[in-house]
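Each remark here refers to the structure printed beneath this line.
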Amino acid sequence: MKEHPQPLRNRTVWAWVAGCYVFQALPAAVRDEALPVALRNLGSADAGITQIQSMLGLIFGFKVLMAPFIAAFRPRPLILATQAATALLLLFAGLALPDLAQSGGAMVVACLVALSVVAAAHDFTLDGYFVSSLDEQARARHSGLLNVASKVGSVLAGPCLIGLAGLLMHRGQQVAAAWSTALLAAAAFALLAVLVNLWALRGEPSHESDGMDVRGRFRAMGLGLGELFRDPRLPAVAALILLYRASEIHMSRVLPLYSLAPVDKGGLALDNETYALIRMITAVGGLAAGGVVGSLVVTRLGIARSLVPLGLAMHAPLLAVTWLASGSGHGVWTVGIVFLIEYVAYGAGLCALLLAMMKLAAGSSAAVRYAALSTLALLAAYLPGLWAGKLAERWGYADYFLFSLALALPGMAAAYWARRHFRSE
Numbered sequence: 542m543k544e545h546p547q548p549l550r551n552r553t554v555w556a557w558v559a560g561c562y563v564f565q566a567l568p569a570a571v572r573d574e575a576l577p578v579a580l581r582n583l584g585s586a587d588a589g590i591t592q593i594q595s596m597l598g599l600i601f602g603f604k605v606l607m608a609p610f611i612a613a614f615r616p617r618p619l620i621l622a623t624q625a626a627t628a629l630l631l632l633f634a635g636l637a638l639p640d641l642a643q644s645g646g647a648m649v650v651a652c653l654v655a656l657s658v659v660a661a662a663h664d665f666t667l668d669g670y671f672v673s674s675l676d677e678q679a680r681a682r683h684s685g686l687l688n689v690a691s692k693v694g695s696v697l698a699g700p701c702l703i704g705l706a707g708l709l710m711h712r713g714q715q716v717a718a719a720w721s722t723a724l725l726a727a728a729a730f731a732l733l734a735v736l737v738n739l740w741a742l743r744g745e746p747s748h749e750s751d752g753m754d755v756r757g758r759f760r761a762m763g764l765g766l767g768e769l770f771r772d773p774r775l776p777a778v779a780a781l782i783l784l785y786r787a788s789e790i791h792m793s794r795v796l797p798l799y800s801l802a803p804v805d806k807g808g809l810a811l812d813n814e815t816y817a818l819i820r821m822i823t824a825v826g827g828l829a830a831g832g833v834v835g836s837l838v839v840t841r842l843g844i845a846r847s848l849v850p851l852g853l854a855m856h857a858p859l860l861a862v863t864w865l866a867s868g869s870g871h872g873v874w875t876v877g878i879v880f881l882i883e884y885v886a887y888g889a890g891l892c893a894l895l896l897a898m899m900k901l902a903a904g905s906s907a908a909v910r911y912a913a914l915s916t917l918a919l920l921a922a923y924l925p926g927l928w929a930g931k932l933a934e935r936w937g938y939a940d941y942f943l944f945s946l947a948l949a950l951p952g953m954a955a956a957y958w959a960r961r962h963f964r965s966e
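As structure tokens, this is what we get:
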């Protein structure tokens with residue numbers, strides 16, 4: 542997909558950025574938040590839950606391999622087609638859930654696998670369209686809206702679905718029937734979102750397909766990745782992706798466990814309902830607010846001058862989280878305020894990272910380049926989970942958070958390195 546930014550006059554960029562990125566978050570939230578709870582409610586063991594979630598995540602994570610096939614289609618129609626397919630897959634999964642005892646289980650698994658494939662195609666196309674159809678200033682201006690929309694979608698398909706299923710179960714519905722209703726509600730919302738996005742994208746530029754065969758597209762993908770690997774900024778941006786938020790990622794993998802752990806284990810001893818409410822307000826609201834703040838800072842200062850100050854702001858609240866773990870008896874308001882500040886700061890730093898990735902990806906083969914960078918970001922986000930819990934158990938929460946805080950040092954070094962590469966642009 543070539544870069545064809547056009548003037549924003551008479552365009553509805555705000556509408557499709559909001560609508561499409563709300564939609565983009567729906568399959569991810571179903572997979573990462575709602576699915577584990579649903580499987581637990583249905584009696585699945587932890588090992589089975591994590592295996593299914595990992596399989597779906599891996600399918601989604603290697604979306605860059607779809608590039609040669611996705612390039613055969615025009616991006617705007619493909620975005621709408623994959624959204625319609627997502628809504629239908631949610632509908633089929635919801636209808637199959639009550640028949641888990643017969644063939645429903647296989648049908649639900651098939652729907653979830655297909656959902657990961659379709660969501661990967663949608664995300665690849667949408668991210669590439671965002672990068673290629675907007676110039677750098679427009680991307681920075683709309684990045685805050687992008688973050689807010691993503692968080693809204695995460696709430697709708699995560700906590701809201703979990704809450705709806707729980708409410709229906711408390712009213713006497715069987716577990717499978719309750720989750721069936723929740724998925725049908727998600728499908729209905731997704732179908733409504735497709736109609737909204739159809740209107741929002743009607744006046745946007747519709748790039749043509751490349752006209753090549755599959756072999757030619759694989760060659761083009763190789764050329765695009767080759768350009769990326771030869772880009773002198775890549776080592777600095779790769780270090781930024783791997784290290785800039787390593788401290789926050791390590792801490793966030795253990796933060797839910799610490800929040801729910803009893804006081805005698807060094808935790809906050811929050812019950813599930815209190816933690817869920819705090820998370821919805823602080824994590825979702827805080828990340829959204831941080832995204833807006835980050836986009837304003839980058840728009841005003843540029844990426845080069847923003848990375849270090851936003852990195853410092855992102856890591857400073859981790860001191861407060863470490864302070865929480867060093868004592869006990871903290872009230873819910875204290876915990877909530879610390880969590881809120883921490884998530885706002887992280888959202889701002891994450892915005893700077895995403896814009897740096899988009900800046901490196903912009904140009905020829907933008908979608909392929911960005912997909913490769915986002916795959917690296919996905920690995921950076923999920924690999925720490927392999928050892929984070931074990932280290933927290935071995936050291937205790939307070940010492941583990943100190944270790945996480947120490948990871949801010951290489952993160953800031955990576956920010957300074959990347960800053961030098963973007964300074965002249």
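All residue numbers for the sequence shown refer to the working numbering, where the first residue is 542 and numbers rise by one.
Don't be surprised by glycine CBs; every beta carbon is placed ideally from N, CA and C.
Check whether the Cβ atoms of residue i and residue j lie closer than 8 Å to each other.
i	j	result
L702	A723	yes
V778	S869	no
W555	H683	yes
G843	A886	no
V735	Q624	yes
L859	M792	yes
T863	L946	yes
L848	R960	yes
N738	C561	yes
I790	V876	no
S695	A570	yes
A717	L638	yes
L764	S867	no
G937	G826	no
V672	A933	no
L733	G635	no
A698	A727	yes
Y923	G685	no
Please classify residue i as buried or exposed, where buried requires at least 16 neighbouring CB atoms within 10 angstroms.
i	result
S491	Since the displayed the chain opens at 542 and closes at 966, residue 491 lies outside it and no answer follows.
Y957	exposed
A586	With a pLDDT of 49 at A586, under the threshold of 50, the modelled position of that residue is not reliable, and the figure given next carries that caveat. It is exposed - the Cβ of A586 has fewer than 16 other Cβ atoms within 10 Å.
A588	Its pLDDT being 46, under 50, A588 is placed unreliably in this model, and the coordinates cannot settle the point.
E883	buried
L931	Here residue 931 turns out to be Lys, not Leu, going by the sequence shown. K931 is exposed by the Cβ-count criterion.
P568	buried
Q715	exposed
A559	buried
F564	buried
S788	buried
E574	buried
L742	buried
F601	buried
P618	exposed
I878	exposed
R680	buried
P773	exposed
L950	exposed
G713	exposed
W928	exposed
L796	buried
R841	exposed
I need the boundaries of the alpha helix (DSSP H) containing residue i, first residue and last residue.
i	result
Y941	938 to 947
V849	844 to 856
H711	700 to 711
K900	873 to 902
T623	616 to 637
S721	716 to 741
P568	554 to 570
V778	775 to 784
S867	859 to 867
Hey, would you say the C-beta of residue i is under 7 Å away from at least one heavy atom of the ligand SAM?
i	result
A662	Inclusion of the ligand SAM in the displayed structure is not the case, the ligand content being empty and no account of it being possible.
Could you check whether the segment 649 to 659 touches the segment 618 to 632, counting it as contact only if at least three pairs of C-beta atoms, one from each stretch, sit closer than 8 Å?
yes
Can at least three beta-carbon pairs, one atom from the segment 908 to 916 and one from the segment 704 to 711, be found at a separation below 8 Å?
no
Does the contact criterion of 3 or more C-beta pairs under 8 Å hold for the segment 777 to 794 versus the segment 890 to 909?
yes
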